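There are 2 protein chains.
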Amino acid sequence: MSEHRRQAVLQAARELGYRPNAVARSLVEGRTHLVGALVADLHNPFYAEFLDGLQESLHGDGLRMLIGNSQWDPAFEDEAVEAFLELRVDGLVLLGIAPTSETLIEATSYTPTVVVGERDIELEGVDIVVDDDQLGARLAIDHLVDHGHKRIAHIEGPRSSRCEGYLVAMRRHSLAPYIMVEAAESTEEDGRQAALALLSREPRPTAIFAANDVVALGVLSAAAELGLKVPDDLSVVGYDNTHLAASHHISLTSVDQPRRTMGRSAAALLSDRIGDPAKVARLRQVTPELIVRRSTGPV
Amino acid sequence: MSEHRRQAVLQAARELGYRPNAVARSLVEGRTHLVGALVADLHNPFYAEFLDGLQESLHGDGLRMLIGNSQWDPAFEDEAVEAFLELRVDGLVLLGIAPTSETLIEATSYTPTVVVGERDIELEGVDIVVDDDQLGARLAIDHLVDHGHKRIAHIEGPRSSRCEGYLVAMRRHSLAPYIMVEAAESTEEDGRQAALALLSREPRPTAIFAANDVVALGVLSAAAELGLKVPDDLSVVGYDNTHLAASHHISLTSVDQPRRTMGRSAAALLSDRIGDPAKVARLRQVTPELIVRRSTGPV
DNA sequence: CGCGGGGGAGACACATGTCAGGACCACCCG
DNA sequence: CGGGTGGTCCTGACATGTGTCTCCCCCGCG
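First to last, the protein sequences are chains A and B.
Just so it is clear: in the first sequence, position 121 is 121 by this note's numbering, and no numbers are missing.
Just so it is clear: in the second sequence, position 190 is 1190 by this note's numbering, and no numbers are missing.
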């Protein structure tokens, strides 16, 4: 169509205040250009930044992002996914949610899906984005060993691969005899309890590698209670590099996951799969990085 | 229709794997049962919790929530709202975003809208939800005065009504001569700078009321640098009661906004306005609460 | 025989994308 | 000058999946 006509039509549209109706368009096109992102916990800053990267990239592909919030409740997960499916989203992103319920598994067979932050999903045509947290653990341990630490303890969280990474790294440094592990939920209080347990052992660990920053915060609390100075008496490393860790007042050495990059990877995988749903499942593993701050030092 | 038929139809639907198509339904009904929530900053934990409350209540009214993320960029705001309008959302929630651009103002005239966290919007048919931050400031000052403080300084943030509340409260206690104010952006570093400026005055303030928790964190940093003990040498009060403040390791006295409640209020207002768009604009003001922790004490 | 309720069938509308068909004009070539 | 060619533009038909409405049939009951 000629440029002249084109401008005339756009002009008329503007004068009439016409706005295309995405609902009708979706109906006839058979696709909505919508992607549903289901998040286990909106408060987790990891997800917030991930979503920034995701939205940014999806936008480039002409896709819009819907956010659903399951608040860790499987019933909400199913409901939110059901809602997405009724809306006929073109794709799904599952954040911190493993597709285990029947509804979710069925959904992944209908709809292109990417899972983020969960390993060991073996579903046909479901892509995965995770950080290499064995490597992350190794970075943390290497850093502590460089500072002369030997008695390095670990507080294990929900991601067992981090613990494995810790064990592997300790053995690589021939520190197997010094391995100490406590388990904890991802709360500050649980981290504090676990740290108190570790710090009451004889001989005391000189460093603690926590499964994540919140737990590490609990370690800092425990250290303060016991009158231990950080990093002089105890070095602490967290994981996730949340803004808690970055705060000048806390200044926690932490392993950083490239969150925006992960969001962009997920977007790329999903766009690709929307284009061709038959592709085989792919695993995209991103490399974490150690951010050194003032909570670690020489023995 | 008879119960028998009804069950037979539902059964058949299940067997065929039928799922109603929300797109087609929206087209014919002329409403989508979708609400667009436009957020200035997903990382702000205030918004995250607000959204929890919002979604919870909207769900009860059969409405679904879409989240858009403007990242403080007016261009993104317009774009996201345009997307919502094309999708024919039934309502809009603006979080930390004042409708000043032409696109946004126009949108509010088409679509039922609630603005959260911004005062002084005078648009026809736009409801507002805010906390009473003059009261919040008063709670903070009263608490400090109860502890015998007189030289109470304030670090002003973007919400000027908090500063007004501080001024009013100080005068009410006849502490007008002790009024000290510094302005700062909402960052830890800016808070630190402002605190350093305040703490270098003679005589030094014995308490600082910060415009929000992030700024208060900067105050704590500054105090540590100057060798001042909190709360012995300096009391600090924040605003927003983020999880930063709640952390055992920081333990910051802070003014709490009932975030979930605000979310629920916004949902109620919006549902109501969707039902009857002609209603006059309403202002819903919620009452904040002081959460006392270990960053405040007697002079 | 009339009446009322359950159930089925069909038309219409929603706003758009896609496609086919045809009118019209300008241009080129023989 | 006539016919063919190609581009522009308009028109109309059809499809998407659902809610609403009307019409009609059939059966049971009084």
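Think of the CB as a built atom: it goes at the ideal place given N, C-alpha and C, for glycine as much as any other residue.
If you're wondering where the values come from, they're calculated on a predicted model, not measured in any experiment.
| query | result |
| --- | --- |
| Glu-86(A) at chain B interface by Cβ criterion, 7 Å | yes |
| C-beta atoms of Leu-1326(B) and Leu-66(A) nearer than 7 Å | Nothing in the structure corresponds to residue 1326(B), since chain B is present only between 1001 and 1299. |
| Phe-209(A) - partner residues in DSSP beta bridges | His-154(A), Val-237(A) |
| Where Leu-104(A) falls: helix, strand or coil (DSSP) | helix |
| CA-to-CA distance, Ala-83(A) to Glu-102(A), given in whole angstroms | 15 Å |
| Nearest-angstrom Cα separation, counted from Val-23(A) out to Ala-13(A) | 18 Å |
| C-beta neighbour in chain B for Glu-188(A), strict 7 Å | yes |
| Within 7 Å, strictly: CB atoms of Ala-1207(B) and Ile-1155(B) | no |
| Alpha carbon of Gly-148(A) to alpha carbon of Arg-201(A), nearest angstrom | 20 Å |
| Reference His-33(A); option with closest CA among Gly-60(A), His-43(A), Leu-42(A), Gly-53(A) | Gly-60(A) |
| Beta-carbon proximity check, Arg-151(A) vs Pro-74(A), cutoff 7 Å | no |
| Nonlocal neighbours in the same chain, by C-beta distance under 6 Å from Arg-1192(B), ignoring five residues either side | Gly-1218, Ser-1221, Ala-1222 |
| Contact list for Val-237(A) against chain B, beta-carbon separation under 9 Å | Per Cβ cutoff of 9 Å: no residues; Val-237(A) is ~16 Å from chain B at best. |
| Status (buried if at least 16 other CB within 10 Å, exposed otherwise) for Met-1(A) | exposed |
| Continuous alpha helix (DSSP H) assignments of at least 4 residues falling wholly in the region 1034 to 1115 of chain B | 1045 to 1060, 1074 to 1086, 1102 to 1110 |
| Identity of the residue in Glu-1185(B), Leu-1139(B), Asn-1021(B), Val-1081(B) nearest Arg-1172(B) by Cα | Leu-1139(B) |
| Minimum Cβ-Cβ distance from Ala-1184(B) to chain A less than 7 Å | no |
| Cβ-based neighbour list, Ser-161(A), same chain, cut-off 7 Å, excluding 5 preceding and 5 following | Arg-119, Asp-133, Gln-134 |
| Terminal residues of the beta strand (DSSP E) in which Asp-127(A) lies | 126 to 131 |
| Outcome for Glu-49(A) when other beta-carbon atoms lying within 10 angstroms are tallied against a minimum of 16 | buried |
| Val-45(A) versus Arg-259(A) - alpha carbon distance | The residue asked about is misnamed: residue 45(A) is Pro in this sequence, not Val. Straight-line Cα distance between these residues: approximately 10 Å. |
| Candidates Val-1145(B), Pro-1288(B), Val-1126(B), Glu-1225(B): closest to Asp-1276(B) by CA position | Val-1126(B) |
| Contacting residues, own chain, Cβ-Cβ under 8 Å from Thr-1287(B) (five flanking each side not counted) | Asp-1131, Asp-1132, Leu-1135, Pro-1258 |
| Whole-number beta carbon distance between Val-237(A) and Leu-144(A), since they are thought to touch under 8 Å | 7 Å |
| Chain A residues whose Cβ lies nearer than 8 Å to that of Ala-1048(B) | Leu-42, His-43, Ala-48 |
| Given Phe-76(A) as reference, the closest of Gly-17(A), Ala-40(A), Gln-55(A) once Cα atoms are compared | Ala-40(A) |
| Beta strand (DSSP E) segment containing Ala-1245(B), residue limits | Careful: Ala-1245(B) lies outside any beta strand (DSSP E), inside the alpha helix (DSSP H) at 1243 to 1246. |
| Glu-164(A), enclosing alpha helix (DSSP H) - first and last residue | 160 to 172 |
| Nearest to Leu-1095(B) (by Cα), restricted to the options Ser-1295(B), Leu-1051(B), Tyr-1110(B) | Leu-1051(B) |
| Proximal residues of chain A, C-beta to C-beta of Thr-1253(B) below 8 Å | Those do not exist, as Thr-1253(B) stays about 15 Å from chain A at its closest Cβ, beyond 8 Å. |
| Interface partners of Ala-1083(B) on chain A, CB under 9 Å | Ala-22, Arg-64 |
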